[in-house]
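Quick note on numbering: full-length UniProt numbering labels position 185 of the sequence shown as 185, and the sequence is numbered without any gaps. The structure appears right after this line, and notes come after that.
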Amino acid sequence: MGRKIALLIGVGKYGKGLPPLNCPINGVEALRQVLEDNHIGGFDQVIPLRNPDVGTARRRIAEVFNQLSQPDLGLLYFTGHGIKDMSGEFYLTTADSQLFENGRINAGTALEAEFIKRVINNSVAQRKVVILDCCFGAAFAEGFLGMDDSRIDVETQLGGKGWCVLAASTSTRYALEQEGEPLSVYTRYLVEGLKTGGAAPEAKAAISVGDWHDYVRASVRAAAPAMEPVIFNAKQGRDILVAKAVIDAEQLYRKEVQSVVRGGKIFGAGRRVLKQKRQVLNLSADAAATIEASVLRPFQEKAANLAEYEAALREEIEMTFPLDEPAIRVLKRLQTSLNLRDEDLQPVIKQVDKEFPVVEALLRGPQPLQPATSPAPPAPSKNEAPTFEFETVTVDAQGNITERRQGKAEYRSEDLGSGITLELVSIPAGEFLMGAPADEEGRSDDEGPQHRVQVPEFWMGKFPVTQAQYQAVTGKNPSKFKGENRPVEKVSWEDAVAFCQKLSEQTGRTYRLPSEAEWEYACRAGTTTPFHFGETITPDLANYNGNYTYGSGPKGTYRQKTTEVGRFPPNAFGLYDMHGNVWEWCQDVWHSSYEGAPTDGSAWLKGGDQDRRVLRGGSWGAFPRYCRSASRLRYYPDNQYGSIGFRVVCSPPRTLP
């Protein structure tokens, strides 16, 4: 029988720019106790690592997983700040981690995910579990799913085989700490699931990773709905056994309580069932009450958080009505700290809205600015539009150009003054399959499910908006990498919408940001491969982080800055720089999947995370997987980074039948 060894890392103290946390150290201690307990975890060795510096953390992770033999179980637990930079790299912080003045992580002071993946992948252990209680934890699994597991051959009595990753949430951010609570909500239920035996299936004396995750997910979702614990590679790692469960009267009663709870309450029939069960088990009333309170606690926490939000909302209304922008922002921050989703707040908001009309509309947040709709000269008709010619390329899996084709597209120009023009390309109406297939390398869950979308005709910027164009319309140039023909960057979604509004006023045509569906349709230009070039991408075809590869493609130049627009080959629609250079804002509100997405090409503005907007295309600093046609990113609409720009679209006038 193999050994069971756990490394528990908790970081609550940090360097410059990162706020301290209290829960991580408590979390390490609480989990240590249950894993060391011979009646529960029964681990042979549990190594707590509290507030390590980056060197110590790297050394201990490498040592622990190097010492494991094939039959062993290795468990790595981390709790603290997780950070994902603009290039998509994910880091776990350490005691000396710090942020630069521009808000970016000092990579030399943090644990990069790639290091941890490499160490774990190289370990010969046949059972490996990673548990992350931190923001962006789900990002750790990206690229991990390609691990070769062909060498694993484990006896059934070892309790499953393979590896898996458990993460506290798919959310970009969540509240790691709750006031008055010694443990984070995720770690609390990790510990409780083992300590009480609640994670064990009924009448079973062992707890697998899958059982553990199922219990924690259900509990966390009840208490903090904005969080959504996830498990990666469940097919291989779900059956790994991590703990024992004592089948006694208390555990059996707990299972009965879990089975009768409905909507966070125990109703009449359930009460009668529990009364009989308690008598059969000869369980005291006090013990039964304690178990019931434990099972109901997650639901009561959510109710308490909703009550706190409602009280705060009413206080804000008493101070300022109608609510102003500062009040709305503070309420949004409170919502995040309470781990509540927009849909959780709807009953509260609707009740308050009955007393104070327009509250619901105000809290829905600012709607996209609508460009001026003054009478507009018609876009050129098909017969009037001039055309331009260009050459497209197709590459094989290794990035070698296998085909060159001549293309032609219709375009028109807007005169912005002083010799500066903005060129738009005609994008024909059509239908396409939006999203990435499940087996596409680098795919994230938010890229599915794939669905067919009908897209009407529209005009799209031939290039991302350049600095010269932005300066001509707004009189400003916020860009970090100066150059008239480089794309404008360091522009927020709000800046981009304001540009469209001003451009509309100046030209008399309606300009806006593309919908996410329009953007992907335009990027693919009839292709179904990860890139419009083909199965891979190379630094000779786009501007991205050439230190990394996609598929069998080559490495190459990492330019570390934007390049002039139009430098690389276009796609079949005649659009340039759709892969890399700068991320491009879309109209849409962020949704974590395409369930319920529009199928008519329009922007998805209802529901979702109203605090964040969609970005597409990757950038000069992005890994190649983030430059795929289907790749998506989300950011706050007021974020301004040197890797974010945009391009515009204009809908042609439609003739009514």
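Glycine included, C-beta positions come from ideal geometry on N, C-alpha and C.
Candidates the options, of which the one nearest residue i by Cα
i, options, result
"residue 100", "82, 16, 166", "16"
"residue 337", "185, 428, 394, 445", "185"
"residue 404", "411, 395, 412", "395"
"residue 106", "226, 120, 603, 54", "54"
"residue 640", "230, 128, 480", "480"
"residue 60", "534, 589, 94, 594", "94"
"residue 490", "602, 303, 43, 637", "637"
"residue 611", "522, 422, 591", "591"
"residue 56", "9, 551, 28", "9"
"residue 400", "431, 541, 98", "541"
"residue 439", "529, 79, 560", "529"
"residue 506", "417, 231, 295", "417"
"residue 564", "300, 620, 518, 511", "620"
"residue 209", "219, 193, 221, 222", "193"
"residue 183", "546, 434, 79, 121", "79"
"residue 351", "334, 306, 389", "306"
"residue 89", "131, 622, 629", "622"
"residue 66", "429, 121, 510", "121"
"residue 195", "237, 38, 435, 649", "38"
"residue 555", "97, 624, 36", "624"
"residue 169", "98, 82, 238, 389", "82"
"residue 441", "628, 279, 561, 420", "628"
"residue 63", "41, 29, 109, 124", "124"
"residue 211", "222, 221, 198, 223", "198"
Element boundaries [alpha helix (DSSP H), containing residue i]
i, result
"residue 27", "23 to 36"
"residue 61", "54 to 67"
Cβ separation of residue i and residue j, assumed to be a contact under 8 Å, to the nearest whole Å
i, j, result
"residue 460", "residue 386", "In fact, because the Cβ distance is near 16 Å, the residues do not count as touching under 8 Å."
"residue 645", "residue 437", "Actually they do not touch by this definition, with Cβ atoms about 28 Å apart."
"residue 538", "residue 526", "Not confirmed; about 21 Å, so no contact."
"residue 283", "residue 309", "Residue 283 to residue 309, Cβ: 37 Å. No contact."
"residue 531", "residue 427", "With a Cβ gap of about 18 Å, residue 531 and residue 427 do not count as contacting."
"residue 273", "residue 260", "6 Å"
"residue 117", "residue 74", "Not a contact, Cβ separation roughly 14 Å."
"residue 419", "residue 523", "So it is not a contact: roughly 30 Å between Cβ atoms."
Three-state secondary structure assigned by DSSP to residue i
i, result
"residue 464", "coil"
"residue 555", "coil"
"residue 160", "A caution first: residue 160 carries a pLDDT of 40, below 50, which makes its placement in the model too unreliable to give a value."
"residue 213", "helix"
"residue 344", "helix"
"residue 187", "helix"
"residue 192", "helix"
"residue 350", "helix"
"residue 333", "helix"
"residue 48", "strand"
"residue 402", "strand"
"residue 8", "strand"
"residue 599", "coil"
"residue 664", "Residue 664 is absent from the structure shown; the chain starts at 1 and stops at 657."
"residue 641", "coil"
"residue 614", "strand"
"residue 408", "strand"
"residue 393", "strand"
"residue 387", "strand"
"residue 292", "helix"
"residue 686", "Not covered by the structure: residue 686. The range shown for the chain is 1 to 657."
"residue 166", "strand"
"residue 286", "helix"
"residue 299", "helix"
"residue 444", "coil"
"residue 413", "strand"
Extent of the continuous beta strand (DSSP E) to which residue i belongs
i, result
"residue 454", "451 to 455"
"residue 423", "420 to 427"
"residue 207", "206 to 208"
"residue 588", "583 to 590"
"residue 634", "632 to 635"
"residue 432", "430 to 434"
Unbroken stretches of the alpha helix (DSSP H), 4 residues or longer, contained in the region 476 to 552
493 to 507, 516 to 524
Could you give the uninterrupted runs of the beta strand (DSSP E) lying entirely in the region 70 to 135, keeping only those of 3 residues or more?
73 to 79, 82 to 84, 90 to 93, 110 to 112, 127 to 133
Inside the region 226 to 269 only - alpha helix (DSSP H) runs reaching at least 4 residues
If you keep only unbroken alpha helix (DSSP H) runs of at least 4 residues inside the region 226 to 269, you get 234 to 237, 249 to 260.
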